[in-house]
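Student: Residue numbers (the working numbering): 1086 to 1313.
Before I ask anything, here is the structure I am working with.
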């Protein structure tokens, strides 16, 4: 019993450290951004994805540019809402009310926190290159990056918590991270976000996903529990 208690305490401590680390990384980036310390590498990376002869033209073929627009749409409000609604309904249909509630709450809180922080920092969108996608809000943090990290990482964690096969667990995490990275990259490629916006969004989204994992470990009935 004592050994089990120690394992639970150790797991909770690691989760708390993980959440704190993700938030620390976010606010460290926010501080550097506010002081202008990120601008040099932000500009360098953004220009590296543009044709040297014409910075209005992203590197790669027109097919790649169109593919990046398709990828960036995966992190938009419409797709994130559809993914969340379908996943929540699927969990409810299988009697997993805690999983459904955690996913819905995490996505909602991630969205609200992203919008609030955008208003607080009020960073303008990049004006170094033309935008390859329609934008209307502030730049920091990237909402697409925040939402993709929070949604896909939380969904992967919840699915993995129900899946007994380790190879399937690995697959869902790999897919979640791949989607998160691809969406973040597309935002920089299309010139609608600075790289530091995307990094901050990933940190914020990951913090919410870790918080959801902590809540699942805390509130899930012991009879149902299995390593995530």
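Cβ coordinates follow ideal geometry from the N, Cα and C atoms, glycine included.
Values in this document were obtained by computation on a predicted structure and should not be read as measured data.
Residue 1273 and residue 1259: beta carbons closer than 9 angstroms?
Tutor: As a position in the chain shown, residue 1273 is number 188, starting the count at 1. As a position in the chain shown, residue 1259 is number 174, starting the count at 1. Against a cut-off of 9 angstroms, the Cβ pair of residue 1259 and residue 1273 comes out as no contact.
Student: What are the start and end residues of each continuous alpha helix (DSSP H) run of 4 or more residues lying completely inside the stretch 1213 to 1260, in chain order?
Tutor: Here the runs fully enclosed are 1228 to 1247.
Student: Name the DSSP beta bridge partners of residue 1143, please?
Tutor: Within the chain shown, residue 1143 is the residue found at index 58, counting from 1. BP columns for residue 1143 point to 1135.
Student: Judging by CA-CA distance, which residue of 1230, 1278, 1133 and 1281 is the nearest neighbour of residue 1262?
Tutor: Here residue 1262 is taken as the residue at index 177 of the chain shown, counted from 1. Among 1230, 1278, 1133 and 1281, the Cα nearest to that of residue 1262 is on 1230.
Student: How many angstroms separate the CA atom of residue 1116 from the CA atom of residue 1171?
Tutor: Along the chain shown, one-based indexing puts residue 1116 at 31. Along the chain shown, one-based indexing puts residue 1171 at 86. Their backbone Cα atoms lie some 37 angstroms apart in a straight line.
Student: If you reduce the DSSP assignment to three classes, tell me which class residue 1123 lands in.
Tutor: The sequence position of residue 1123 within the chain shown is 38, counting from 1. Residue state, collapsed to three classes: coil.
Student: Taking Cβ positions, are residue 1207 and residue 1243 nearer each other than 9 angstroms?
Tutor: Here residue 1207 corresponds to residue number 122 of the chain shown, with the count starting at 1. Here residue 1243 corresponds to residue number 158 of the chain shown, with the count starting at 1. Their beta carbons are not under 9 angstroms apart, which means residue 1207 does not touch residue 1243 by this criterion.
Student: Can you tell me the Cα-Cα spacing of residue 1194 and residue 1227, whole angstroms?
Tutor: Here residue 1194 is taken as the residue at index 109 of the chain shown, counted from 1. Here residue 1227 is taken as the residue at index 142 of the chain shown, counted from 1. Distance between the alpha carbons of residue 1194 and residue 1227: 15 angstroms.
Student: Rounding to the nearest angstrom, what Cα-Cα distance links residue 1277 and residue 1210 in this structure?
Tutor: As a working mapping, residue 1277 is identified with position 192 in the chain shown. As a working mapping, residue 1210 is identified with position 125 in the chain shown. Answer to the nearest angstrom: the Cα atoms are 6 angstroms apart.
Student: If you run the structure through DSSP and keep just helix, strand and coil, what is residue 1297?
Tutor: Residue mapping note: residue 1297 aligns to position 212 of the chain shown, counting from 1. Three-state DSSP puts residue 1297 in a helix.
Student: Residue 1303 by DSSP, collapsed to three states: which one?
Tutor: By 1-based counting over the chain shown, the position of residue 1303 is 218. Helix.
Student: Okay, do the stretch 1264 to 1272 and the stretch 1231 to 1250 touch, 3+ Cβ pairs below 8 angstroms being the bar?
Tutor: With a cut-off of 8 angstroms, the stretch 1231 to 1250 and the stretch 1264 to 1272 count as touching, because enough Cβ pairs lie within range.
Student: Determine the direct distance from the alpha carbon of residue 1201 to that of residue 1291, and round the result to whole angstroms.
Tutor: In the chain shown, counting from the first residue as 1, residue 1291 sits at position 206. In the chain shown, counting from the first residue as 1, residue 1201 sits at position 116. If I take the Cα positions, the gap works out to 17 angstroms.
Student: Could you tell me the boundaries of the alpha helix (DSSP H) in which residue 1029 lies?
Tutor: In the structure as shown, the chain begins at 1086 and stops at 1313. Residue 1029 is therefore absent and cannot be evaluated.
Student: Mapping DSSP to helix, strand and coil, what is residue 1210?
Tutor: The residue given as residue 1210 occupies position 125 in the chain shown. Reduced to three states, the DSSP call for residue 1210 is coil.
Student: Between which two residues does the alpha helix (DSSP H) carrying residue 1174 extend?
Tutor: If you number the chain shown from 1, residue 1174 lands on position 89. Start and end: 1162 to 1178.
Student: For residue 1150, which residues of its own chain have a beta-carbon under 6 angstroms away from its beta-carbon, when the five flanking residues on both sides are left out?
Tutor: Locating residue 1150 in the chain shown gives position 65, counting from the first residue. Around residue 1150: 1143.
Student: Quick one: what's got a C-beta closer than 8 angstroms to residue 1132's C-beta in the same chain, skipping five residues either side?
Tutor: Position 47 of the chain shown holds residue 1132. Around residue 1132: 1140, 1213 and 1214.
Student: Going along the chain, which residues of its own chain have a beta-carbon closer than 6 angstroms to the beta-carbon of residue 1110, five neighbours each way excluded?
Tutor: Position 25 of the chain shown holds residue 1110. Here the set comprises 1288.
Student: Residues in its own chain within less than 8 angstroms of residue 1177 by CB, not counting five upstream and five downstream?
Tutor: Here residue 1177 refers to the residue found at position 92 when the chain shown is read from its first residue. Correct list, in chain order: 1185.
Student: Mark residue 1285 as exposed unless 16 or more other C-beta atoms lie within 10 angstroms of its C-beta, in which case mark it buried.
Tutor: Taking the chain shown and counting its residues from 1, one reaches residue 1285 at position 200. Answer is buried; the Cβ neighbour count reaches 16.
Student: Looking at the structure shown, is residue 1279 part of a helix, part of a strand, or coil, going by DSSP?
Tutor: On the chain shown, residue 1279 is found 194 positions in, with the first residue counted as 1. Reduced to three states, the DSSP call for residue 1279 is coil.
Student: Whose C-beta lies closer than 8 angstroms to the C-beta of residue 1114 among residues of the same chain, with five residues either side of it excluded?
Tutor: Here the question's residue 1114 lines up with position 29 in the chain shown. Closer than 8 angstroms at the Cβ level, and outside the excluded window around residue 1114, lie 1123, 1281, 1284, 1285 and 1288.
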